[in-house]
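Participant: According to UniProt numbering, the sequence shown holds residues 1 to 480 in order.
From the three backbone atoms N, C-alpha and C, an ideal C-beta is built for every residue, glycine too.
Sending over a structure as structure tokens; questions will come in a sec.
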Amino acid sequence: MFTSIKCIDNYGTFESIRDIQLKKNTIIFAPNGSGKTTFSLIFQSLMENNVDIIYKKKRFGSNGRTLIKLATDLKTTKGETEYIAFSDHKWHYNFDLLNNPTIVFNNFYSEKNNYCFRFTENEMKSIFGNHNNLMKILSRYIKINSDIYSIKRRGLEKLKRLDKLQKLKEELSKIERENGPLFHSFENFVEKFKNKVNEYLGNYMMGLYINETKLVYFREVSGQKAFSIIFSLNINDYQGTLDTRSLTSFDYILSEGNKNAIAVCSFLAKLDLVPISNNLNVVVDDPFTSFDITRKDVTIQLLTSASQKVSQFILLTHDSLFGEEIYERLVKLGKKEETTTIELYNTGNNVVIREVDFYTVNLSPFVKNLEILNDYVMNGSRDEYHDRLVYSTLRVTLEGIFRIKYYKYNSKEVWLNSYIKFIEASEENGKYREMFRLKPLLTDLKLVMNYSNSPHHDNSYRGTNNVIYSERLMEMTKKL
1 MFTSIKCIDN YGTFESIRDI QLKKNTIIFA PNGSGKTTFS LIFQSLMENN VDIIYKKKRF
61 GSNGRTLIKL ATDLKTTKGE TEYIAFSDHK WHYNFDLLNN PTIVFNNFYS EKNNYCFRFT
121 ENEMKSIFGN HNNLMKILSR YIKINSDIYS IKRRGLEKLK RLDKLQKLKE ELSKIERENG
181 PLFHSFENFV EKFKNKVNEY LGNYMMGLYI NETKLVYFRE VSGQKAFSII FSLNINDYQG
241 TLDTRSLTSF DYILSEGNKN AIAVCSFLAK LDLVPISNNL NVVVDDPFTS FDITRKDVTI
301 QLLTSASQKV SQFILLTHDS LFGEEIYERL VKLGKKEETT TIELYNTGNN VVIREVDFYT
361 VNLSPFVKNL EILNDYVMNG SRDEYHDRLV YSTLRVTLEG IFRIKYYKYN SKEVWLNSYI
421 KFIEASEENG KYREMFRLKP LLTDLKLVMN YSNSPHHDNS YRGTNNVIYS ERLMEMTKKL
């Protein structure tokens, strides 16, 4: 697993950051624009050996070189930490990544796994083992299929090349015959994978299942060999087939939430079927696009369960409530010491990383104000700025208490002064009878209201700045 990120320089939103400590479970809160997906692409580039990903994310306006350095829990023969580094336009490491693979879920994964399930060369090696001839066999197999397709699509011209077409078909049959066990293992894997995806789809209760499948081998732009599983769908009572797949475009019959659910389920199925999952590192970037509350809850359950199967689980999210829910589930599983929560914080020119407490982040403004006042009463003033924060919080907090306790009087025209008038009228006006018990507090309530009035009105015309005395502020705060 990755124990820390030693440095990220001149990459995307990151100008220069140092020593980000990672744990088995690392939850990263990253509001949009702070570099969340950029962060996940580091690991995608590493596992796909695609340096173009890093190059395309080079920091705008910077002439400095891009440098990324990751520390792992692996040791060299001398007992020193094994590092992975990106510099001079390539990745550098001294161990076999396939023994410690990383799988990344982000919007790029989702886009590539909506209409088919894509497996990279490294993923195939992780699943089927680093077979000496695996890539050589597949490379030739892909080339022959491509040549056959190229000849067939030429129409009448293909009649002139029947001999070559026949030879290619014979060679294709020979490859399949001589490597029967290898291709048979692919077919078995596809069946297992389909069943596992359907098992996960069942959790979302969408009436959506994978039906027929077909294996397609191809070569990616980067030169790596890969394969995809093309599939048809059963949607409630409709049973799709591969023959009718082109007639029912997924773009129009599936919602964005359905598409994303399919991608998430394919990702989770991969985690289950990788033989060395105990050495597997998982990076998940916002897995719930277009999900409603129910689907989010299902995703939280599935991800929490998946985190227990792998060596390392790194979650990036812009949703602090989602991050907190995952964290709380992990704590309930006894994983608090193995879990860290951090935030990517955009300062304008750079992104910095700091620890984050989801409980504090997710408090409502009213509760945050109560905590500010309670902290002031318990611990006193820290400085002038602290006094001004408390001073500006008094009135809105008092008004908030009234709005919650006496919610039936709320309207756009009702403010703190309105509630004070309701208390004054409570003895004669039966409508406000329930507020009569607050009459003994009326003097104190008016004192707090009048004292805290200034922050909510412009007094610049008076040419004076209201002086806040800590003793008086403490007296007023305690009255709440």
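So, is Q239 buried or exposed, given that buried needs 16 or more other C-beta atoms within 10 angstroms?
Facilitator: exposed
Participant: Output needed for I103: all residues of its chain with C-beta closer than 8 Å, excluding positions within five of it in sequence on either side, in chain order.
Facilitator: M47, E123, F267, K270, L271, V274, L280, N281, V282, V283
Participant: Mind checking N10: buried by the 16 CB within 10 Å criterion, or exposed?
Facilitator: Within 10 angstroms of the beta-carbon of N10 lie 16 or more other beta-carbons, which makes it buried.
Participant: So is D285 buried or exposed if we call it buried at 16+ other beta carbons inside 10 Å?
Facilitator: buried
Participant: Is DSSP giving N349 helix, strand or coil here?
Facilitator: N349: coil per DSSP, three-state reduction.
Participant: What is the rounded straight-line gap between the Cα of V197 and the Cα of I404?
Facilitator: 46 Å
Participant: Three-state secondary structure (DSSP) at R472?
Facilitator: helix
Participant: Considering Cα atoms alone, identify which of D251, L233, D237, Y252 is closest to D243.
Facilitator: Distance from the Cα of D243 is smallest, within the candidate group D251, L233, D237, Y252, for L233.
Participant: On the CB-based measure, 16 or more other CB atoms within 10 Å of its CB, does L447 come out buried or exposed?
Facilitator: exposed
Participant: Can you tell me whether L273 is helix, strand or coil according to DSSP?
Facilitator: helix
Participant: Nearest to G33 by alpha carbon, out of G430, G348, Y451?
Facilitator: G348
Participant: Which term fits S452, buried or exposed, when burial requires 16 or more other beta carbons within 10 angstroms of its beta carbon?
Facilitator: buried
Participant: Counting Cβ pairs, one atom from each stretch, are 3 or more of them under 8 Å apart for the region 356-373 and the region 410-430?
Facilitator: The region 356-373 makes no contact with the region 410-430, as fewer than three CB pairs between them are under 8 Å.
Participant: Which of helix, strand or coil does DSSP assign to H92?
Facilitator: H92 carries a strand assignment under DSSP once its states are collapsed to helix, strand and coil.
Participant: Would you give the residue range spanned by the beta strand (DSSP E) that L74 belongs to?
Facilitator: 67-75
Participant: Expressed to the nearest angstrom, what Euclidean distance is found between the alpha-carbon atoms of Y385 and Y419?
Facilitator: 30 Å
Participant: How big is the Cα-Cα spacing for E427 and R433?
Facilitator: Pairing E427 with R433, the inter-Cα distance amounts to about 7 Å.
Participant: Do residue 495 and S110 have their C-beta atoms within less than 8 Å of each other?
Facilitator: Outside the modelled stretch of the chain, which goes from 1 to 480, sits residue 495, for which no answer is possible.
Participant: When DSSP labels each residue in this structure, what does residue 489 get in the three-state scheme?
Facilitator: Any answer about residue 489 is impossible in this case: the structure gives the chain only from 1 up to 480.
Participant: Quick check: what's the CA-CA separation for I468 versus L373?
Facilitator: 15 Å
Participant: I need the straight-line Cα distance from K194 to S228, nearest angstrom please.
Facilitator: 12 Å
Participant: Do the CB positions of I253 and F231 come within less than 8 Å of each other?
Facilitator: No. Outside cutoff.
Participant: Taking just the CA atoms, how far does C265 sit from T26?
Facilitator: 21 Å
Participant: Using C-beta distances below 7 Å, list every residue in its chain close to L445, excluding the 5 sequence neighbours before and after it, in chain order.
Facilitator: I420
Participant: By how many angstroms is the C-alpha of Y391 removed from the C-alpha of N450?
Facilitator: 12 Å
Participant: Using a Cβ-Cβ cut-off of 6 Å (strictly less than) and excluding sequence neighbours within five positions of residue 482, which residues of its own chain qualify?
Facilitator: Since the first residue shown for the chain is 1 and the last is 480, residue 482 is missing from the structure and cannot be characterised.
Participant: Per DSSP, K58 is paired with what?
Facilitator: Y11
Participant: Quick check for students: name the residue ranges of the alpha helix (DSSP H) that lie wholly in the region 291-316, counting only runs of 4 or more.
Facilitator: 293-307
Participant: Between E413 and D387, what straight-line distance do the alpha-carbon atoms span, to the nearest angstrom?
Facilitator: 30 Å
Participant: Out of L333, L344, L480, point me to the one whose CA is closest to S320's CA.
Facilitator: The residue with the shortest Cα to Cα distance from S320 is L344.
Participant: Do L67 and I53 have their beta-carbon atoms positioned less than 8 Å apart in this structure?
Facilitator: no
Participant: Just the C-alpha distance for K75 and C7, rounded to the nearest angstrom, thanks.
Facilitator: 19 Å
Participant: List in chain order: all unbroken alpha helix (DSSP H) runs of 4+ residues lying wholly within the region 419-462.
Facilitator: 442-451
Participant: Is the Cβ-Cβ distance between H92 and V51 less than 8 Å?
Facilitator: No, the Cβ-Cβ distance between H92 and V51 is not below 8 Å.
Participant: Does the structure place the region 296-306 close enough to the region 327-336 that three or more beta carbon pairs sit under 8 Å?
Facilitator: Segments in contact, yes.
Participant: For T477, which residues of its own chain have a beta-carbon under 8 Å away from its beta-carbon, when the five flanking residues on both sides are left out?
Facilitator: L373, Y376, V377, V390, L394
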